[in-house]
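Novice: In this note's numbering, the protein residues as written are -7 to 293. By construction, the Cβ of each residue, glycine as well, lies at the ideal position given by its N, Cα and C atoms.
1. Distance check for residue 92 and residue 137, CA to CA, integer angstroms please.
2. Going by the CB atoms, is the gap between residue 194 and residue 141 shorter than 8 Å?
3. Determine the closest residue to residue 68 out of 176, 255, 122, with distance taken between C-alpha atoms.
4. CB-CB under 6 Å to residue 72, same chain, minus the five flanking residues each way: which ones, in chain order?
5. What residues in its chain sit with their C-beta under 6 Å from that of residue 256, if we drop five residues either side in the sequence?
6. In the DSSP output, what is residue 263 paired with across the bridge?
7. Is DSSP giving residue 257 helix, strand or coil here?
8. To the nearest whole angstrom, what separates the beta carbons of residue 50 and residue 6, a pair I think is in contact under 8 Å?
9. Counting Cβ pairs closer than 8 Å, one from the region 53 to 60 and one from the region 80 to 89, do we hit at least three?
10. Taking residue 101 as the reference, which of 134, 44, 152 has the closest Cα?
11. Alpha carbons only, please: which of 284, 190, 276, 279 is nearest the one belonging to residue 234?
12. Pull up the distance between the alpha-carbon of residue 133 and that of residue 172, whole angstroms please.
13. May I ask which residues mark the beginning and end of the alpha helix (DSSP H) holding residue 63?
14. Hey, quick one: how far does the alpha helix (DSSP H) through residue 138 stretch, first residue to last?
15. Could you say if the region 143 to 151 and the region 183 to 203 meet the contact criterion of at least three C-beta pairs nearer than 8 Å?
16. Put residue 252 into one of helix, strand or coil per three-state DSSP.
17. Could you tell me how far apart the beta carbons of residue 204 and residue 212 are, in whole angstroms, since I believe they sit closer than 8 Å?
18. Per DSSP, what kind of secondary structure is residue 84 in: helix, strand or coil?
19. State the Cα-Cα distance for the pair residue 216 and residue 227, rounded to the nearest angstrom.
20. Ignore the nearest five residues each way along the sequence and tell me which others in residue 192's own chain have a CB closer than 6 Å to its CB.
21. When the Cα atoms are used, what is the spatial distance from residue 11 to residue 30?
22. Output needed for residue 107: all residues of its chain with C-beta closer than 6 Å, excluding positions within five of it in sequence on either side, in chain order.
23. By alpha-carbon positions, which one of 175, 200, 117 ends up nearest to residue 282?
24. How far does the beta strand (DSSP E) with residue 7 in it reach, from first residue to last?
25. Taking DSSP as the reference, what is the three-state secondary structure of residue 236?
26. Between which residues of its own chain and residue 155 is the CB-CB distance below 7 Å, once the five residues before and five after are set aside?
27. In chain order, which alpha helix (DSSP H) runs of at least 4 residues are fully inside the region 153 to 186?
28. Bridge partners for residue 282 per DSSP, in chain order?
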């Protein structure tokens, strides 16, 4: 005789669904199944925020949608690692003048009431979620100003015509004086730039500017006298200082490593000062690294 519980073990399900399919009460409430949320069972515990979202979907009401940090993760918006890894969900409902739905309450769920705006809720990855710009505005309650700049720049990749339009939309939303945390959003808006390829690039640019150094170009394409074009992470064009933010793939990927050796030698041949910045340089040796950049700028002035 087929096991009525077997079809449910591949994905989260509600206890009501299982009972309707003939699964006994004792099995539904047994220790074999995990309980990510009230009324939901799963074959294993969710290990990421996206898995936690999938576990919440079977009980998610039609008037609910993911917001704040949860929406940011769904949209691939850059966040501080500690916030990104926190296994909790932000779930919102629309705030109405009268008769609003209650904000959800559950283990690992933070409920919110959100003022309705045109196009507020969209679908992404099969989930109802606040749109990316509204999500950025919601993050103002949770992130520092620098982290909010970094988050916004994740939506503005280099060398895309759409990035200029997106920046206008972000600045317009951040300039609305009626939003929560409007002063913070208004301070952040002028600091957002187009052209970052990673959170590390954005953060290091902000740290250079905070230290009183000029602001570099991000992912600038330079055409050398030999006719070849090279793109640099952070570039001081007039002072010929070239900064590369080195992720671990620059060390572990042999093809990338060989390419970098040739590229940096070529830049040096054309009188560029190349500074390679690792994760440790940004954390354990930040002051020393900024001083290195400052010395390079003074030498090439």
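Specialist: Well, looking at it:
1. Going by the C-alpha atoms only, they are around 31 Å apart.
2. In contact: residue 141 and residue 194 (Cβ atoms closer than 8 Å).
3. Residue 122 is the option with its Cα nearest to residue 68.
4. Once the five neighbours on either side are set aside, the close Cβ partners of residue 72 are 139.
5. Taken in chain order, the residues that qualify are 266.
6. According to DSSP, which records beta bridges pairwise, residue 263 is partnered with nothing at all.
7. Helix.
8. At roughly 5 Å, the Cβ-Cβ gap stays under 8 Å, so residue 50 and residue 6 are in contact.
9. The answer is yes - the region 80 to 89 touches the region 53 to 60, with three or more Cβ pairs under 8 Å.
10. Sorting 134, 44, 152 by C-alpha distance to the C-alpha of residue 101 places 44 at the top.
11. The shortest CA-to-CA distance from residue 234 to any of 284, 190, 276, 279 is the one to 284.
12. Each residue's Cα considered, the two are about 8 Å apart.
13. That run of the alpha helix (DSSP H) goes 60 to 66.
14. First-last of the alpha helix (DSSP H) with residue 138: 137 to 145.
15. Short answer: they touch.
16. Helix.
17. With 8 Å as the limit, residue 204 and residue 212 do not qualify as a contact, their Cβ atoms being about 21 Å apart.
18. Of the three classes helix, strand and coil, the one that applies to residue 84 here is strand, per DSSP.
19. Using only the alpha carbons, I get a separation of about 14 Å.
20. 237, listed in sequence order.
21. Here the alpha carbon of residue 11 sits roughly 15 Å from the alpha carbon of residue 30.
22. Residues of the same chain with a CB within less than 6 Å of the CB of residue 107, apart from the 5 flanking positions on each side, are 87 in chain order.
23. In terms of CA proximity to residue 282, 200 leads the group 175, 200, 117.
24. No beta strand (DSSP E) contains residue 7, which is instead part of the alpha helix (DSSP H) from 7 to 12.
25. Strand at residue 236.
26. In its chain, beyond the 5 residues on either side, 148, 149, 186 have a beta carbon closer than 7 Å to the beta carbon of residue 155.
27. Counting whole runs of 4 or more residues, the region 153 to 186 contains the alpha helix (DSSP H) stretches 153 to 166, 174 to 180.
28. In the DSSP output, where bridge partners are listed per residue, residue 282 has none listed.
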